[in-house]
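To start, the structure itself, in structure tokens.
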Amino acid sequence: MPYEIIDEGDELHARLYGFVAPFELMECNRGVAEHPDWPRHRYHIFDHTEMDSDSVWAFPDVTSDAIAEEDRALYADRMNLTRVALVAKSQKMREIFKDYAGRNPLPPHTVLGIFSTLESARKWIRDSRDAAEMTTDAPQTASTGGA
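Residues in the sequence shown are numbered consecutively from 30, following this note's numbering.
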């Protein structure tokens, strides 16, 4: 199994490494979606930075379509999931991510980001957390209009 799923509180980090066949990518994806604590996971990171670059060339053109179709079914009722980050050093893999994103695989309220580094993906998620906290912690004031 060339992946591990790491529970990081309100985030799941799926780290794929070595040679990853398309069926293993889908298996990892299912593992994240079906995680027993999924209701508390607002963020997912699919980290392909340690994946063997030859893996990409093993992916048939239908891979994006098959994964997107499965994701639409897996995530249809996931109102808690707000951001999904896809990370890869490989330009070819990021092109596959863009093809996947174009197939509208996730619910409309879930934002999908594509990154070349894990650090930039984590910053994007951290910024989302900070914005949510700021909104939640902001003083509640009523506006009556006028000057």
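Every residue, glycine too, gets a C-beta built ideally from N, C-alpha and C.
Q) Quick one: Cα of E56 to Cα of T92, how far? A) If you take the alpha carbons of E56 and T92, they lie about 13 Å apart.
Q. Going by DSSP, which residues form a beta bridge with I34?
A. In the DSSP output, where bridge partners are listed per residue, I34 has A43.
(Q) Once the 5 residues before and after S157 are set aside, which same chain residues still bring their CB inside 6 Å of it? (A) Contacts found: R112.
Q. Can you tell me where the beta strand (DSSP E) with E140 in it begins and where it stops?
A. At residue 140 the sequence reads Val, which differs from the Glu that was named. That run of the beta strand (DSSP E) goes V140 to F144.
Q) When the distance is taken between beta carbons, is H70 closer than 7 Å to L45? A) Taking C-beta atoms as the reference points, L45 and H70 fail to come closer than 7 Å.
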